[in-house]
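Count along the sequence shown from 1, then add 218; that gives the number in my numbering.
In this text, a Cβ means the ideal position worked out from N, Cα and C, and glycines have one as well.
Written below as structure tokens is the structure these notes are about.
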Amino acid sequence: MSAYETVLNNVFTRIEAVRSKVNEHQIVKIVAVSKSVQAVDVENLYLSGQRAFGENRVQELAKKQLLLEPLPLEWHFIGRLQKNKINALIDLMPDLMHSCDSLELAEALNQRLATKNRSMNALLQINSAYEDTKAGVLPKDALETYINIQKNYPHINLQGVMSIGAHTEDKAVIKKSFEAT
């Protein structure tokens, strides 16, 4: 067994232990964040059974998609999308964009998707920690924003939400962050 398989199996085992306690019918998908590793590491994880990978920079996603094109990988964009990178992201068409963080971004993304006659799967990003340094809509605005995007931006297929909790060791604060969403 390779080192990649060992690490991946350990992750699967830990997640399965929690999943079976919470909801035995829930399906969990692991998105391996590949933002700081080389394409060869992604390939080795693929060969060990991992299929979904997340990149936080459009240019890194483009590079790895090109290098790993023969592999049937599922790509996720997990970073903050700058408006000047929208066209490049559309050309890459990730399986899921995790960071639709405002109505302004949704509008700009929808307009450019419409121009290219394309649609994109996305998650509404929620800043459940209420931290100024984090992007995303506030929990109090999330439902209204979600409905607004569904109703007014037909080229964005919202698949759910992605919540960013507080960055702290205090478990009560972390729990409170996610209870808000």
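Exercise. Per the contact definition of three or more C-beta pairs closer than 8 Å, is the region 320-338 in contact with the region 272-286?
Worked result: no
Exercise. Nearest to Ile344 by CA position, among Asn328, Met380, Val240, is which residue?
Worked result: With distances taken between Cα atoms, Ile344 lies closest to Met380.
Exercise. How is Ala353 classed by DSSP in three states: helix, strand or coil?
Worked result: The DSSP-derived three-state label of Ala353 is coil.
Exercise. When the distance is taken between beta carbons, is Arg336 closer than 8 Å to Ile304?
Worked result: no
Problem set entry | First and last residue of the uninterrupted alpha helix (DSSP H) at Val236 | First-last of the alpha helix (DSSP H) with Val236: 221-240.
Problem set entry | Straight-line gap, Asn228 to Ala250 (C-alpha atoms, nearest Å) | 14 Å
For this session: List the residues that DSSP assigns as beta-bridge partners of Phe295.
Result: Glu273, Met315
Exercise. Straight-line CA distance for Asn274 to Glu242?
Worked result: 31 Å
Exercise. So, is Val225 buried or exposed, given that buried needs 16 or more other C-beta atoms within 10 angstroms?
Worked result: exposed
For this session: Compute the Euclidean distance between the alpha carbons of Ala257 and Lys352, then round it to the nearest angstrom.
Result: Roughly 28 Å separates the two Cα atoms.
Problem set entry | Alpha-carbon to alpha-carbon, Ser395 and Asp388 | 11 Å
For this session: Report the residue from Ile382, Glu325, Ala398, Thr363 whose alpha carbon sits nearest the alpha carbon of Tyr371.
Result: Glu325
Exercise. Leu341 to Asn375, Cα distance in whole Å?
Worked result: 8 Å
For this session: Note the first and the last residue of the continuous alpha helix (DSSP H) segment covering Ala398.
Result: Note, Ala398: premise wrong, no alpha helix (DSSP H); not H, not E.
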